[in-house]
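Enquirer: Take the sequence shown: its letter number 375 is residue 379 in the numbering used here, and every next letter is one higher.
Just so it is clear, CB atoms sit at the ideal spot from N, CA and C, and this is done for glycine as well.
Since the structure is predicted, the reported quantities are computational estimates derived from the model, not experimental observations.
Before I ask anything, here is the structure I am working with.
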Amino acid sequence: MTPARTKIVLLSTLALGLLAGTLWFAWQPQSQSDPQSIGQPLYGSLSESALAPNMGKPLGANIVPDLPKNPPQPATEILSKRVVEYHIDVSLEKGQVLRGTETLTWKHPGKKTVNDLYLHLYPNAFSSMETTFMKESGGKLRGDTMPKDGFGSMTLTELKTEDGLSLMHRIQYVQPDDGNAGDRSLVKVRLPKPVRGGEEITLYMKFEVKLPAIFARMGATDDFVMAGQWFPKLSVYETAGQRGRAEEGWNLHQYHGNSEFYADFGIYSVRIRVPETHIVAATGFPTRGAVRQNGQKIYQFYADDVHDFAWSASPNFVTVEEPFSSAEVPGVKIKLYLDPSHKELKGRYMSAAKAALSYYSKWYGPYPYSTLSIVVPPKSGNGAGGMEYPTLITAAAAGNLNPGYSLERTLVHEIGHQYFYGMVANNEFEEPWLDEGFTSYAEERLMEQEYGLTPNLPLQSGQVASPQPLNRESWKYGSAAEYAQNAYSRGKLVLRGIERQVGMKKMDRIMRTYVQTYRFKHPSSMDFQRIVERVTGRSWSHYFEQYVYDGQMADFSVDHITNHKLENGYEAVVTVSKKGADYPKIPVQFTFKDGTTIFKAWDGAGKSTTFRIKSTSPVSHVTLDPLYTIALENKHINNSLKAELDEKQQTRWSVSVTKLLETLLGSLSW
């Protein structure tokens, strides 16, 4: 944890020297075969490896046998509260098994006395078809299917306090969401003595993970390993007022079919042991070069102000590294870990990564980390593709040797998650739109600006066949498709709807203010609403109530057109109505038989309104929102009506092709 001020002062001189040395090594040119080994001895004592700083307390006997005498000090600017600290030593062994030790220190951020801790054991979601994840997903995720007999699991083999007291008899698997006794993804640990607000507790554990056949973001295939959600991870203890919480307490959920994750910011120091042929990509930066010893290659990584740690390993990675800086990016080392089949595409990956870092830093604030690692899984590792972790992302698997813009789109989406989920760390269990919808919004804007790909918003909104509240828990959406329609598409359209009303300049202020206010915090939908209201200076409660909390969509209809012959021309009587949620200004286009057009606007008040228009020519047809400015309307087929046919034969005509595409695409699952 963060040391006392006096300790910082005493160690500052030593810290600067150590940090300078560490950075010098970390920025040396690196080879194609082993990006962490250049400029470092191939052999050395393990006791020289750097573990995370700031433990600031004595450890019990035999907990961590080789803590360094002079650990590296963190960056001078502490960006988060650093509630947790992890020291992990893990080894990849035959049979795709991980064996590890973990020292976990937690500082109680609240006021109430705590008698229990809760740990996520995420790999147990893949232990059988009886787990909550497998029951809800049916063994499928994002088009990927659980391989036959590809189960994996996690076992705690030791758990004790820092003074050596075993807690193994004090653990209990809990299922707070569904009571499924077959689910062991969350475990409760009864503590031998309570932890009061502001106090710290350190636990030591040993664990084993049988990696599943690669599926749902983690696992192994052939000699490729994706270690995501691979270690026992502490749940989040929320304080009163956080995310609108009335009373402080643990936020507890199992691993669900649609859900992702939620964790507190902290410090990670992770030693990774792999076969000596393997190359490792990981969160954070290496504190020393890889060391070869007894047939293994040993890596040491460090990261602070992050809320997760992931790594990947393969003997086949083709590595490329480039330093990058811009007016908004002080300096980042971009690291590519390519499947060999995509080595010729390295320029596209690097260009997309630089564009994403540049634009996102310009729009939302500087990228605060010194590294960004990009893993391109092999074709057989499709289940690991398209996923985000702090400072490390996975691109789409290298199945297509000539990919279209999906290569860039996946990359800029996952890099966008460095902001929305990475730094602005919403609860992905409960409000997934705050990361997926926001990242989709950022991705779409970048793809249009950098690659000229203009989004078809009417088509996208037409795919939202089952709108639901956006602050709904991820597993309570009826299907993966319904989850995607809302968390991704409708969430993005909510932001587009705000942008259309306030303009791009003010929308940029909203987004940047939101990010700057909640960097390294855990915001809620209500927190974002308050930012919108602060920047615009008016209430948005009605908009958020309908489109965010109540899950509505807009639907405006032209119902009747009647032309009456007058002495000197015609009077058209046109009735339009509102069949969905409100919108403040609905454009209406009137086209006359002589080819002329006029525009009016309906303020959306009431359920319907009638226009009476006198002209020398009868009205031929009427179209609501002809330029599709209302991003959240999903039923465009009733937006237009011709006047000449009788009521039984009146036909909706303006978006027949669009509606056909909506129907076809709406049938596809996410």
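(1) Name the one or two DSSP bridge partners that Trp606 has.
(2) Three-state secondary structure (DSSP) at Ser680?
(3) Measure the CB-CB distance between His257 and Asp181 and report whether it falls below 7 Å.
(4) Can you pull the DSSP bridge partners for Gly441?
(5) Just mark Tyr631 as buried or exposed, buried being the case when its beta carbon has 16 or more other beta carbons within 10 Å.
(6) Assuming Val416 and Ala360 make a contact with CB atoms under 8 Å, what is their CB distance in whole Å?
(7) In terms of alpha-carbon separation, which member of Phe137, Lys480, Asp227, Phe433 lies closest to Ile283?
(8) If you draw a straight line from the alpha carbon of Phe2 to that of Gln593, how long is it in whole angstroms?
(9) Determine the direct distance from the alpha carbon of Leu499 to that of Tyr547, and round the result to whole angstroms.
(10) If we cut at 7 Å on Cβ distances, does Ala286 have a partner in chain B?
(11) Closest by CA to Pro370, which one among Leu238, Asn320, Tyr574, Met427?
(12) Going by DSSP, what residues sit across from Thr136 in a beta bridge?
(13) Can you give me the Cβ contacts of Glu679 inside the same chain, cut-off strictly under 8 Å, excluding the 5 residues immediately before and after it?
(14) Taking only three categories from DSSP, how would you classify Pro279?
(15) Should the segment 210-220 be regarded as contacting the segment 150-170, the criterion being three or more beta carbon pairs within less than 8 Å?
(16) Could you tell me the distance, in whole angstroms, from the CA atom of Met511 to the CA atom of Glu537?
(17) With burial defined as no fewer than 16 other Cβ atoms inside 10 Å of the residue's Cβ, what is the status of Ala220: buried or exposed?
(18) Label His526 either buried or exposed according to how many other C-beta atoms from any shown protein chain fall within 10 Å of its C-beta, with 16 as the threshold for buried.
(19) Helix, strand or coil, according to DSSP, for Gly253 in the structure here?
(20) Quick one: residues in its chain with C-beta nearer than 8 Å to the C-beta of Thr540, no 5 flanking neighbours on either side, listed in chain order?
(21) Taking the straight line between their C-alpha atoms, what separation do you get for Val88 and Val310?
(22) Could you give the distance in angstroms between the alpha-carbon of Met530 and the alpha-carbon of Lys383?
(23) Count Cβ pairs between the segment 421-435 and the segment 403-410 that sit closer than 8 Å; are there 3 or more?
(24) Is the number of C-beta pairs between the segment 622-640 and the segment 551-566 that are closer than 8 Å three or more?
(25) At 4 residues or longer, and completely inside the segment 121-175: list those alpha helix (DSSP H) runs for me, N to C.
(26) Please classify Thr600: is it buried, with 16 or more other beta-carbons within 10 angstroms of its beta-carbon, or exposed?
(27) Do the segment 88-105 and the segment 183-198 make contact, defined as three or more Cβ pairs closer than 8 Å?
(28) Between the beta-carbon of Ile378 and the beta-carbon of Trp315, is there less than 7 Å?
(29) In chain order, what residues of the same chain have a beta carbon less than 8 Å from the beta carbon of Gln44, not counting five sequence neighbours either side?
(30) Let me confirm a value: Ser51 is counted as buried when at least 16 other C-beta atoms fall within 10 Å, else exposed. Which label applies?
(31) Do you know how far the Cα of Gly390 is from the Cα of Trp674?
(32) Please classify Pro588: is it buried, with 16 or more other beta-carbons within 10 angstroms of its beta-carbon, or exposed?
(33) Decide yes or no for the touch test of the segment 453-464 against the segment 630-645: beta carbon pairs closer than 8 Å, at least 3 of them.
(34) Among Gly114, Gln533, Ala286, which one has its Cα closest to the Cα of Val229?
(35) Can you grab the Cα-Cα spacing for the pair Gly403 / Ser345, in whole Å?
(36) What are the boundary residues of the beta strand (DSSP E) that Trp479 is part of?
Expert: Taking the coordinates as given:
(1) According to DSSP, which records beta bridges pairwise, Trp606 is partnered with Ile590.
(2) Summary: the structure shown does not reach residue 680, with the chain confined to residues 5 through 674, and so no result is reported for it.
(3) Taking 7 Å as the cut-off, the beta carbon of His257 is found closer than this to the beta carbon of Asp181.
(4) Bridge partners of Gly441 according to DSSP: none are assigned.
(5) Note that residue 631 corresponds to Leu in the displayed sequence, not to Tyr. Counting C-beta atoms within 10 angstroms of its own C-beta, Leu631 has fewer than 16 neighbours from the protein chains shown and is therefore classed as exposed.
(6) With a Cβ gap of about 4 Å, Val416 and Ala360 count as contacting.
(7) The residue with the shortest Cα to Cα distance from Ile283 is Asp227.
(8) Here the chain covers residues 5 to 674 and nothing more, so residue 2 does not appear.
(9) Approximately 11 Å, taken between the alpha carbons.
(10) This model lacks chain B altogether; it includes just one protein chain.
(11) Nearest Cα to Pro370 within the set Leu238, Asn320, Tyr574, Met427: Met427.
(12) Answer is none; Thr136 lacks a bridge partner.
(13) The displayed coordinates of the chain run from 5 to 674. Any statement about residue 679 would go beyond what the structure contains.
(14) Residue state, collapsed to three classes: strand.
(15) Yes: the two stretches touch, three or more of their Cβ pairs being nearer than 8 Å.
(16) Using only the alpha carbons, I get a separation of about 12 Å.
(17) Buried is the call here.
(18) So His526 counts as buried.
(19) Note: Gly253 maps to strand in three-state DSSP.
(20) By the criterion of a C-beta distance shorter than 8 Å, Thr540 is surrounded in its chain by Val506, Lys510, Ile514, once the five residues flanking it on both sides are discounted.
(21) If you take the alpha carbons of Val88 and Val310, they lie about 10 Å apart.
(22) Spanning the alpha carbons of Met530 and Lys383 requires a straight line of approximately 41 Å.
(23) The segment 421-435 vs the segment 403-410: no contact.
(24) Yes, the segment 622-640 is in contact with the segment 551-566.
(25) Listed in chain order, they are 136-141.
(26) Label assigned to Thr600: exposed.
(27) No contact exists between the segment 88-105 and the segment 183-198.
(28) Cβ distance not < 7 Å, so Ile378 and Trp315 don't count as in contact.
(29) At Gln44, the pLDDT of 32 sits below 50, so the modelled position is not reliable; the number obtained from the coordinates is stated separately. Here the set comprises Phe29, Arg292, Gly293, Ala294, Val295.
(30) Model confidence at Ser51 stands at a pLDDT of 31, short of 50, so the residue's coordinates are unreliable; what they give is reported in the following sentence. So Ser51 ends up on the exposed side.
(31) Note that Trp674 scores 36 on pLDDT, short of 50, meaning its location in the model is unreliable and no value can be drawn from it.
(32) With a threshold of 16 other beta carbon atoms within 10 Å, Pro588 falls short and is exposed.
(33) Yes, the segment 453-464 is in contact with the segment 630-645.
(34) Restricting attention to Gly114, Gln533, Ala286, the CA atom closest to the CA of Val229 is found in Ala286.
(35) Straight-line Cα distance between these residues: approximately 9 Å.
(36) In the DSSP assignment, Trp479 falls outside any beta strand (DSSP E), carrying neither H nor E.
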